Amino acid sequence: MMRRNYCLAWAFFLFASITSAQEFRATLTGRVTDPQDLAVVGATVQARNISTNEVSSGKTDSHGNFSIPFLRPGTYSVSVQHPGFKQYMRQGVTLEVAQTASLPIQLELGAESQSVTVTAEAPLLETSTADRGGVVDTQRVAELPLNSRNPFMLGAMMSGVTFRGSAIWQRPFDNGAIAEWSINGSRQRQNEFLMDGAPNNGQAGDNNVAYVPIVDAVQEFKMQSNTYDAQYGHTAGGIMNVVLKSGGNQFHGSGWEFMRRTWLDANTFQNNSKGAPRTIHYLDQYGGQIEGPIILPKLYNGHDKTFFLFSIENYREGTPTPLLLSVPAPEFLNGDFSKLVDQNKQPITIYNPFTTSFDAQGNPIRSPFPNNQIPANMINPIAQKILSYFPKPNTTTSNSAYDQYNFSVPGYFAKDKFYNYIARVDQVIGQKHRVFARYAQNSRTENRNDNGVFSGPGQGGQQPFQRLNWAAVVDWVGTFSSTFIGNVRVSFNRFIEQGFGAGDLGFDLTTLGFPSATVNQLPGGKFFGRYEFDGYSYLGRYRDVNLTNNYGINPNVTKIWKSHAVHSGLDFRRIYYILNSTGNIWRFKAWKDYTQKTWNQGDSLSGNSLASFLLGVPSEGGSNYPLFPLFRQWYYAPFVQDDWKVSSRLSLNLGLRWDFTLAPDEKYGRLDYQFDPNAQADPSRFPELANYKGGLTFAGGGNPTKSANTNYGNLQPRIGVAYQLTRHLVMRGGWGRYFANPNNNWQKTTGFSTSTPLVSSNDAGRTPIPNLLSDPYPNGILTPSGSSRGAATFVGRDFSWFDPNFKTPSVDQFSFGFQMELPWSSMIEVSYVGSRGHNIQTERAYNIPSLDLRRQCNLLEGGSPAYCNAKLPNPFYQQAAFLGTSFYTSPTLSRFQLARPFPQFSGDLLRQGLNSGATWYNSLQINYNVRWRKSLNLLADYTFSKCIERWGYNDPYRDIMQQGPYFNDRPHALKLTTVYQLPFGRGRWIGGHVNGLFDQLISGWQLSTFLGEQSGEPADLPGRVRILRDPKLTPNWHSTQVYGMRPCVLRMDDSGNITPQPYSLTYGCGTDFSTYNFLILPSYAPRETPFRSGQIRMYNTFTMDASLNKTFALTERFRLQLRGEAFNVLNHYAFPLARFNSNPNDANFGSLFPGRVSTVDSGFPRQLQLGAKLLW
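Under this note's numbering, read the sequence shown as residues 7 to 1182, first letter to last.
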């Protein structure tokens, strides 16, 4: 079977290897008839590019049909000649990116020397394909108000498309945030980005956008949301296709400056809530572009042959990034928590974890510290010194706990520097060959702090952060005959990003008091480390570097045969992904668990993470010993596509694509393979594991060298139908299968990189190890063992592994609808659009005890949590294989741990790469498009949709998956885009006869707008609760504290006692438990709620951007355009990424505070931008 699959694959490759993928150029099709509507056979059809004079030609077949592929988007004149007929000339035929345009032509009888000239209007109906999407032409690319001038953000204007990145990170160097698109219900980061047809994805961040071009260099942008053409793939969502300009026979140039300043901005909602003034903001985005023929005086004249384009832009911005953080109160560093109260002024008690008494079930009985003060002799000096690096409180915030939101820097702004340039050369070689080469490069440097430590040790955020990109492509088209055309494209893209805190480097940890014997074992030089505290800001930053190299080769041929346009190609990619990140080499995190009242149940009125840390007992941590891997991945996708003109009314698009997404390998073989339940550790080396099966296996040595098996069945049939019912009405529909670009989860290197876990307790968290910080790793720092330990790798610890039987997730996309041409150069399209996701990647706990044991522990099923919490003798205590883990130091383990199928591992051993997930998307999409006499370009879209996902497990013991609204489910979305030439000036409706200065003043005005509103996202629901009554509230979005869920919450403890949460009583829920909405379930109870609620939703997102431009004709060739642009025109405050608090143990459960939502989650207030462009 395997041999047969290989043979089939290679046969397909050999067929396709002489044949491009993902074509960005247009195809002109049509039918030539005589006055009696009979086919004209053998007519010569020529398409001439107005800008470059390039001529492409074709012949009509026996049905009068013709097809001319590989036409660059732009404006053409089309001519038809045949003996006995007048020459037909059609001017102004506009072809768009990746368009198949249909042009019916009727010839008149007469001599060829006679001609008939027609001036064309752009066709509104798509009569040749069923593909769906939207095109933004050159005019709208240049004129629409585009925040930060990032062309990929044009996708937000299309129907069925949702952008979920931060509103403040839409700039041309925000490569990760601008990849957050969901298209027709697809999961985010499952889309393909193309530039001039070449791949433009970066592996970093699971499918970042790699290179973002300069807006002025973009000719057209196309969002391809449904593509029934087999040349497109490597996506489970849609395709963002950008085509850059090429030079022409005329020299053209431009220079521009766009600026923003503080005085042009409204104040942020966060600043207004604190009574603070506007934050300093500046932006300068300036550059220039020149294009035309290459002419070397007396040496070379490139007219009609050689063209160039060069564009360059610089970007300098200080971005308002106001900080509102929680930092330790000064007295906390001395152990004094006597002032610690919650937002309702209820005291929060600090308990002493070093309790010597236990109850009958072995649970510690903790006593509160007198006066809520930790004695000086119990404060760990290392912890005290670390906390001293926090900034001091400088503010208070209403409706907050004593120690929350007490540090504010309203005037802080991040700094960015960015440059970007593009160079391109096009060459016409005779009448049969065309070549272009393009090179682009950009670089971004950011300095942004997010923890209030702006320099020196403890510094956080990106200080600095860099992104670098190089993109190159060479493309050749050869016309062997009017019916046979070939194309080869070779591309390369490199994307690098790196970030760190410069102030944290070169720091000697021994000056804090850490033992030198341990510090000297750490890899990676000197650094401050990373320290995290639940409920507070953090200290320290690690170094992160990654690099992606993406090589592509795309050969392609097109054969025109009778009524068929058959094209076949191969999409071949070689991807290198290099990680050079140190990770958290020295990390500690403190929770409040060691100072709360009950060791295994949190509550809102006891415990504090800073208090735990001051006692020298962080809850968790680790010392990473990283691997710097070099991952390699191959991708092959041969395809065949037949665009069949069945009749003058009916067109069929039939295609088949075969994806081979090979799992990555690592250059030096440093890769995990899978967890084998029957693996056995070498008993001669690890006799303590002789009676325990199960362990990690590794690539190579008899196992495959890749992390997962190759799927040979990834066939993607495509079918599209377009039927022209009448001259003004077209019916279109299609179905196609697509395979996703998997994320980075399947690149596992457990064992080749390792972490020494912090062991904070020897009795499963009941009591901490005293003064742990003074010697956090008494047994030293572990070094990677690679595969040498075999099944003994990572015993005593938890890890995740990837299932090698993983199948590439697939999505079926389908649509059916009607397009109707209306008066006033307008068109309406009404469509049903849907998708179904299959084999969606998910994950499940693997190392969990039996359901029977869980029943004995679950109070709701008659069990007792104390049964599973009971301490039993630890068979791994002080066994050499477990050195460096809590299993080595703890004489007992819980019954629950010892009942795991593989008790030698401490956790669930998360099994990733399962294919049990699914998605469902259904929508009604209505599009209205107006192109009226080049004066008004309007696009209105409405989408009514529902998106459901099955992902994750509510109860892995019973194999019950979670199913509910996808987090990006937006039932209603309305979008309106306009570019309107105002009717003032000579030759216009108003002032049509004016001249001179008055004409200069009132003419040349243009108004462009984008307006959008979408339903809010579904709210997150808490886990391990039971919903007793509908908790939905109608939020008052203008209040200081916005409630979306009624915070009436009961708690059932592990003994079955039910009490109301203290904040519920403060809210006014009363003592009648029958009126409460939630019940927090005891330990070991499974989750009963879905992840999200479709009934409780976040705030609707509303966007309105506008620009008003005035163009002055300085001379016959030079024009000056002055621009005023406004983003968030109505200064509408929204927080699309914020969430209601879903932690039922938190006093703010069910609510959010608009004044505390960061600008990352809320976006900017109204910002005005002034610009000037000189064009010639």
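No residue lacks a Cβ here, since even glycine has one placed at the ideal position from N, Cα and C. Since the structure is predicted, the reported quantities are computational estimates derived from the model, not experimental observations.
Own chain residues within Cβ distance below 7 Å of residue i, not counting five before or after
| i | result |
| --- | --- |
| R1162 | L330, Y411 |
| T1072 | N350 |
| R146 | N943, V985 |
| E827 | L130, L131, H734, M833 |
| D688 | G796 |
| R284 | T268, D271, N273, N277 |
Beta-carbon contacts of residue i that lie in its chain and below 8 Å, excluding the five residues immediately before and after
| i | result |
| --- | --- |
| I1064 | L1056, R1057, M1058, F1079, L1085 |
| D1167 | S172, F1141, P1142, L1143, A1144 |
| E102 | A32, P79, V141, D143, E226, K228 |
Residue i versus residue j: straight-line alpha-carbon distance, rounded
| i | j | result |
| --- | --- | --- |
| H570 | L658 | 10 Å |
| P683 | R547 | 38 Å |
| A1119 | L1176 | 19 Å |
| Q447 | A204 | 15 Å |
| V441 | T58 | 13 Å |
| Y1090 | P1066 | 20 Å |
| C863 | N853 | 17 Å |
| Q468 | P529 | 22 Å |
| S766 | I775 | 6 Å |
| N197 | G244 | 5 Å |
| I559 | T233 | 21 Å |
| K228 | M159 | 11 Å |
| P376 | S615 | 18 Å |
| I286 | D975 | 36 Å |
| G890 | P782 | 11 Å |
| R450 | F424 | 4 Å |
| Q885 | M246 | 56 Å |
| S1021 | S404 | 30 Å |
| N358 | D609 | 16 Å |
| R724 | S653 | 20 Å |
| G707 | N750 | 24 Å |
| N156 | W262 | 15 Å |
Proximal residues to residue i (C-beta, below 6 Å), its chain only, five neighbours per side dropped
| i | result |
| --- | --- |
| A420 | T325, T327, R454 |
| D804 | S912, G913 |
| K813 | N717, N845, N921 |
| P1037 | M1051, R1052, N1083 |
| D432 | S252, F313, F442 |
| C1054 | S1070, C1075, Y1082, N1083 |
| P1171 | A272, T274, N1137 |
Outcome for residue i when other beta-carbon atoms lying within 10 angstroms are tallied against a minimum of 16
| i | result |
| --- | --- |
| G1193 | Limits of the chain in this structure are 7 at one end and 1182 at the other, which puts residue 1193 out of reach. |
| L34 | buried |
| I966 | exposed |
| N697 | exposed |
| S598 | Correcting the residue identity first, residue 598 is Lys in this sequence and not Ser. Flag for K598 reads buried. |
| Q437 | exposed |
| A27 | Any reading at A27 must be qualified, since the residue scores a pLDDT of 47, below 50, and its modelled position is unreliable; the value itself is stated next. So A27 ends up on the buried side. |
| R772 | buried |
| Y674 | exposed |
| W938 | exposed |
Supposed close pair residue i, residue j - CB separation, criterion 8 Å
| i | j | result |
| --- | --- | --- |
| T762 | G622 | About 18 Å separates the two Cβ atoms, so there is no contact after all. |
| F645 | Q237 | 6 Å |
| D422 | Q465 | Not really, about 18 Å apart at Cβ, beyond 8 Å. |
Exercise for the section: Assess, as a yes-or-no matter, whether the region 563-583 is touched by the region 63-70 under the definition of 3 or more beta carbon pairs within less than 8 Å. Expected result: Between the region 63-70 and the region 563-583, the count of C-beta pairs closer than 8 Å reaches three or more; the two stretches touch.
Exercise for the section: Tell me, please, whether the region 1002-1014 touches the region 945-957 by the rule of three or more beta-carbon pairs shorter than 8 Å. Expected result: Because the criterion of three Cβ pairs below 8 Å is not met, the region 1002-1014 and the region 945-957 do not touch.
Exercise for the section: Tell me, please, whether the region 1020-1037 touches the region 1096-1110 by the rule of three or more beta-carbon pairs shorter than 8 Å. Expected result: Touching, per the Cβ criterion.
Exercise for the section: Specify whether the region 529-543 and the region 578-586 touch according to this definition: at least 3 beta carbon pairs, one from each stretch, less than 8 Å apart. Expected result: Not touching, per the Cβ criterion.
Practice task
Indicate whether the contact test is met: 3 or more Cβ pairs, each with one atom in the region 737-749 and one in the region 711-725, closer than 8 Å.
Solution key: Result yes; three or more Cβ-Cβ pairs closer than 8 Å.
Handout entry: Cβ contact check for the region 331-348 and the region 472-479: 3 or more pairs under 8 Å
Key = The region 331-348 is not in contact with the region 472-479.
Problem - Inter-stretch contact (C-beta, 8 Å, three-pair minimum) for the region 479-492 and the region 513-522 - result: The region 513-522 and the region 479-492 do not touch, with fewer than three beta-carbon pairs separated by less than 8 Å.
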